[in-house]
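What follows is one structure encoded as structure tokens, with my remarks underneath.
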Amino acid sequence: MVKQLDEKTEASPDHVGWRLWQAGRAWQVEFAAAMRSAGHAWFSEARAGLLGHIPRNGTRQSALIERAATSKQAVQQLLDGLEAEGVLERLPDPRDGRGKLVCYTRKGLDALRDGDRIKLQIERGYIDRIGEQRFAALMDALRTLDAGRGDASAGASGQK
1 MVKQLDEKTE ASPDHVGWRL WQAGRAWQVE FAAAMRSAGH AWFSEARAGL LGHIPRNGTR
61 QSALIERAAT SKQAVQQLLD GLEAEGVLER LPDPRDGRGK LVCYTRKGLD ALRDGDRIKL
121 QIERGYIDRI GEQRFAALMD ALRTLDAGRG DASAGASGQK
């Protein structure tokens, strides 16, 4: 005989953090799948997370490690893979012989252009689902929340 629990399972609260996480996760999955469909078989969500920290004109590898907020080893491993795929290249930093510059190759820049196009396609799909006004309001609200984040962190540390 199977015992039944007397206590009822309490439902998790429906909160903005959960909704933002779900929406963000769905966006990432859709974007990564579309990038692979566009011919970028090397594209993965982990690699996308790193590429998002590399400006189109490149960056110093040490700055990338700071921005990525992950271990030096994890960044190194992702860079090794992206370099092997021909997406990025690491060049000597002319200002510091010990440093490296992480730059996009032609293949990497082509992927960024495809990514820009795909992002707009995803947005158009969202507009089709919720309408232009609601989408504009969503974008405005997200920008406001993002702008407030910078102010809150500066205030918490006593800096402006």
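full-length UniProt numbering puts the first residue of the sequence shown at 1, with every later residue one more than the last.
All C-beta atoms, glycine included, are put in the ideal place defined by N, C-alpha and C.
1. Mapping DSSP to helix, strand and coil, what is G155?
2. How close, in whole Å, do the beta carbons of A32 and E45 come, if the pair is a contact with beta carbons under 8 Å?
3. By DSSP, does G117 sit in helix, in strand, or in coil?
4. Across the stretch 60-80 and the stretch 10-26, are there enough close Cβ pairs to call them in contact, namely three or more that are closer than 8 Å?
5. Return the chain-ordered list of same chain residues with a C-beta closer than 6 Å to the C-beta of L142, the five sequence neighbours on each side being excluded.
6. My understanding is that R60 touches G99, with C-beta atoms under 8 Å, so please give their C-beta distance in whole angstroms.
7. Does any C-beta atom of chain C lie closer than 8 Å to the C-beta of P13?
8. Along the chain, where does the alpha helix (DSSP H) containing E83 start, and where does it finish?
9. I need the DSSP call for D140, collapsed to helix, strand or coil.
10. Where Y104 and L88 are concerned, what is the direct C-alpha to C-alpha distance, given to the nearest angstrom?
11. In the DSSP assignment, find the beta strand (DSSP E) that holds E89 and state where it starts and stops.
12. Within 8 Å, do at least three Cβ pairs link the stretch 37-57 to the stretch 68-78?
13. On the three-state DSSP scale, how would you describe R67?
14. Mind checking which residues open and close the alpha helix (DSSP H) that includes R25?
15. Checking 8 Å against the spacing of the C-beta atoms, do V102 and R90 come in under that value?
16. In three-state DSSP terms, what is G148?
17. Residue range of the beta strand (DSSP E) that G97 falls in?
Answer, in terms of the structure:
1. Its pLDDT being 40, under 50, G155 is placed unreliably in this model, and the value from its coordinates should be taken loosely. Note: G155 maps to helix in three-state DSSP.
2. Rounded, the Cβ-Cβ distance is 5 Å, consistent with contact.
3. According to the sequence as given, residue 117 is Arg; it is not Gly. Here R117 sits in helix by DSSP.
4. Not touching, per the Cβ criterion.
5. Here the set comprises nothing.
6. About 6 Å separates the beta carbon of R60 from that of G99, a gap short enough to meet the 8 Å contact definition.
7. The chain inventory of the structure shown lacks chain C, comprising one protein chain alone.
8. 72-84 is the extent of the alpha helix (DSSP H) around E83.
9. D140 falls in the helix class under three-state DSSP.
10. Each residue's alpha carbon lies about 4 Å from the other.
11. Per DSSP, E89 is one residue of the beta strand (DSSP E) stretching across 88-93.
12. Yes, since at least three Cβ pairs between the stretch 68-78 and the stretch 37-57 fall closer than 8 Å, the two stretches touch.
13. In the structure shown, R67 sits in a helix (DSSP, three-state: H, G or I).
14. Per DSSP, R25 belongs to the alpha helix (DSSP H) from 16-37.
15. Taking 8 Å as the cut-off, the beta carbon of V102 is found closer than this to the beta carbon of R90.
16. Three-state DSSP puts G148 in a helix.
17. Element bounds for G97: 96-104.
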